[in-house]
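First comes the structure, then the notes that go with it.
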Amino acid sequence: MTDATNPLLATDALPDFARVTPEHVAPAIDHLLAEGRAAIARAAAVEAPTWQNVVEPIARANERLGRVFGAVGHLNSVVSSPALRDAYNAALEKVTAYYTELGLNRALYERYRAIAEQPSGLTPLERRLLALELRDFRLSGIDLEGADRERFHAINEALARASARFSDNVLDAVNAWTLDVPVAELAGVPPDVQAAAVERARAAGLAEGMARLTLQAPCYTPVMQYAESRSLRERMYRGYVTRASAEGDPRFDNGPLMEEILRLRQEEARLLGYPDFAALSLVPKMAERPEQVLAFLRDMAARARPYAERDLAELTAFARERLGLDRLEAWDLSWASEKLRLSRYALSEEALRQYFPEDAVLAGLWRVIESLFGVRIVPAEPPAGRWHPDVRYFRVESARVDDTGEPSLVGEFYLDLYARADKQGGAWADTARTRMLARGVDSERLATPIAFLTCNFPAPVGGRPALFSHDDVITLFHEFGHGLHLLLTEVDLYGLSGFGHVEWDAVELPSQFMENYCWEWEVLRHMTRHVDTGEPLPRELFDRMIAAKNFQVGLTTLRQLEFALFDMELHRATEPLDCAAILRLLERVRDEVAVVRPPAWGRMPWSFSHIFAGGYAAGYYSYKWAEVLSADAYARFEEEGVLSPKAGADFRREVLARGGSRDAIENFVAFRGRPPSIDALLRHNGMTGLQ
Ligand SMILES: [Zn+2]
19 MTDATNPLLA TDALPDFARV TPEHVAPAID HLLAEGRAAI ARAAAVEAPT
69 WQNVVEPIAR ANERLGRVFG AVGHLNSVVS SPALRDAYNA ALEKVTAYYT
119 ELGLNRALYE RYRAIAEQPS GLTPLERRLL ALELRDFRLS GIDLEGADRE
169 RFHAINEALA RASARFSDNV LDAVNAWTLD VPVAELAGVP PDVQAAAVER
219 ARAAGLAEGM ARLTLQAPCY TPVMQYAESR SLRERMYRGY VTRASAEGDP
269 RFDNGPLMEE ILRLRQEEAR LLGYPDFAAL SLVPKMAERP EQVLAFLRDM
319 AARARPYAER DLAELTAFAR ERLGLDRLEA WDLSWASEKL RLSRYALSEE
369 ALRQYFPEDA VLAGLWRVIE SLFGVRIVPA EPPAGRWHPD VRYFRVESAR
419 VDDTGEPSLV GEFYLDLYAR ADKQGGAWAD TARTRMLARG VDSERLATPI
469 AFLTCNFPAP VGGRPALFSH DDVITLFHEF GHGLHLLLTE VDLYGLSGFG
519 HVEWDAVELP SQFMENYCWE WEVLRHMTRH VDTGEPLPRE LFDRMIAAKN
569 FQVGLTTLRQ LEFALFDMEL HRATEPLDCA AILRLLERVR DEVAVVRPPA
619 WGRMPWSFSH IFAGGYAAGY YSYKWAEVLS ADAYARFEEE GVLSPKAGAD
669 FRREVLARGG SRDAIENFVA FRGRPPSIDA LLRHNGMTGL Q
């Protein structure tokens, strides 16, 4: 196979997805890695470093590598097969090694520094990108010498291993746990969940009339919500909150791993010159200091507390009067809450779904985007083959025509909406191609951005259009927020356009911002059409949706804040913490914020994968942080009209267009005219009026 016949290499745009096979992956990635290494070697050896002879060639090579590897990763997520997964994992290992090597290249680092120190010849954006790249070099340990350097790498490898084992333990513990009960004990549980449990029992060779329960979400969640048997809920709850701990199943005990991970992170922070891991974690984030984050979380907790107390009082009274429960145990909460929710709002997901056929939802979404951002969304043919016949392709065009009389192309996106057996679950927006201006010898060429938008919604069945739940619609708007961040970028520099160097705790601003439109009457009445009657959503149903929106928001807010405070305090520690100390810290945080006190025998930290195995260490606060930004940004639309083209143009120019070219706080202030305030989020959550 030659490069020319390999579809992954045959184009400067995106590959012909229909032709890519697992055999194409290794040769393409090897070729691009060799190209990248050659570019790095040349750049690291130049005598008189400049932007053009060091930064540009590496950006070009990395852009191409990122685009092709991104396409492979995308295929692995949407049309997976064992052969493709193997090819992808092998490539992932090589690409990771390549970037580690790049981050540790001293000669290259020196050249970046020399360019940054040149007094002139750089644009402000180029200066910013260089400063960020130099910071990334330092965070990968480039300044360390001798034994420290060795130790730093040992720490990184040990951390990667420990984190992987942590999440494996959680997964294995969940998979190993089962509870076998007679079907009669499942009263209240939805029939499809019962049927699945009976099927599992049969497959395991259990006697007729038995059901096997598991801790996986599709079984655990409905059992906790609907099972009438209190003792069954208690057994399930115990299994769940002790998973991956010695109390649950000693084979999968994450205790020693937690201690090790925290110790290694403390050491890593010290080596890089930070007082604790929390301070290190915040370096590339929007929040500046751990104290600032803690103050934010505590302020929010104080404001949410009266609402959480009200939620709990209402639930307790309802449980006593209507359910005959004098005392609410931890395993009663979901069950009693679901009963209360149904008695109050009587909202049926199924009935609601009939109002959201796919074409009405997409037309409604396009209407919002087109009204706000001065663009048109036009169905188009992709430049080459797609990976599945259900995949659609769209052009985003400027609503204004350019000098040639044609609408100018802003970007393009692939839309892959339906769940399939070979597709990874969830929904996401990803970069297919980043906007970038490539400077040749005597020409410039602009690559416009292309996005992948992927969901797992139910496909059309029996000649009827696909019907989405309101949650699906929210998910779609959320992902389009990310998509717009990518597509409406006006930055030409690779590394600052799209998501490039956008602070991690600000990345959810555009996505959560877009979710607000799913709760606007002005939007919903144009976006809904009953699949049989053709009627738009009745106002009365909409009012009930709004009433139910903030059900128990006080309790859920405090729970999120409890996790966030625990995470931050855990990573501010400077002395080793053993399991007992970790539990004491959790209890202290609960003393401070919890309204509902889980039993002391629970082992929540042992399965807190977000912070021990995911990217959220000293970063769990980001969820609430970005929510404050998105709610406050949206409040300007509430003031000026939710589809105000003026506010939309400002949001596009000051936030969406900027990528990482400016600090997120500056984007926000430029758009809002002042720093963020939590008032809008409190108001959206119905948290106003109580003291
Ligand atoms: Zn998101």
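For the sequence shown, my numbering gives the first residue as 19, with consecutive numbering after it. Where a beta carbon is used, it is the ideal one built from N, C-alpha and C, also for glycine.
Limits of the alpha helix (DSSP H) - the one that residue i falls within
i	result
D561	R557 to K567
Y639	Where Y639 is concerned, there is no enclosing alpha helix (DSSP H), given that its DSSP letter is neither H nor E.
N174	G164 to A194
D210	P209 to A221
P45	V43 to A63
N107	P100 to G121
F431	Per DSSP, F431 belongs to no alpha helix (DSSP H); it is in the beta strand (DSSP E), P425 to Y436.
F155	P142 to L157
P75	E74 to V96
R701	D697 to H702
V541	W539 to M545
V491	H488 to L505
Distance between residue j and residue i (C-alpha atoms, nearest Å)
i	j	result
L250	E203	8 Å
A402	T466	16 Å
R169	L120	19 Å
A205	R615	28 Å
L511	E135	20 Å
E632	S181	Per the sequence shown, residue 632 should be read as Gly rather than Glu. G632 and S181: Cα-Cα distance of roughly 8 Å.
W384	F495	10 Å
V509	G139	19 Å
E610	L603	11 Å
A245	V207	5 Å
E356	K567	14 Å
R156	E332	53 Å
G273	M622	11 Å
A165	L282	16 Å
L150	G518	10 Å
D317	K642	12 Å
E533	A56	45 Å
M304	G481	48 Å
A598	Q234	28 Å
D350	A477	35 Å
A115	R124	16 Å
A635	N703	26 Å
D561	L542	12 Å
D650	A364	31 Å
A456	I468	16 Å
A52	V64	19 Å
7 Å CB neighbourhood of residue i in its chain, flanking five on each side removed
i	result
W446	T472 and E497
R590	D294, A296 and P308
Q578	Y641 and K642
T11	Residue 11 lies beyond the stretch modelled for the chain, which goes from 19 to 709, so this question has no answer here.
A264	D271 and G273
F147	According to the sequence displayed, residue 147 carries Leu and not Phe. L511, G513 and L514, listed in sequence order.
Residue i: first and last residue of the uninterrupted beta strand (DSSP E) it sits in
i	result
M454	M454 to R457
S625	Premise fails: S625 is in no beta strand (DSSP E) and is neither H nor E.
N474	I468 to F475
Y411	R410 to V419
E462	E462 to A465
T449	W446 to R451
D668	It is not in any beta strand (DSSP E) - D668 instead sits in the alpha helix (DSSP H) that spans P663 to E672.
I133	No beta strand (DSSP E) holds I133; the alpha helix (DSSP H) holding it covers R124 to E135.
V393	V393 to A398
V199	L197 to P200
Same chain only: Cβ atoms within 6 Å of residue i, ignoring 5 sequence neighbours per side
i	result
P400	Y411
F584	L604 and V607
G620	V259
D408	Y436
Distance cut-off 7 Å: residue i Cβ against heavy atoms of ligand 2
i	result
Q570	What this structure holds is ligand 1, not ligand 2.
Cutoff 8 Å; reference residue i; Cβ partners in own chain excluding five residues on either side
i	result
T706	L700
L674	F391, L502, H503, L506, T507 and P528
R195	A quick correction: the sequence has Trp, not Arg, at residue 195. Taken in chain order, the residues that qualify are T232, L233, G257, R261, G266 and D267.
Residue i at chain B interface by Cβ criterion, 8 Å
i	result
A644	Protein chains in the displayed structure number just one, and chain B is not present.
(request) Let me have the residue list for ligand 1: C-beta closer than 6 Å to any non-hydrogen atom, ordered along the chain. (result) H496, H500, E526 and S529
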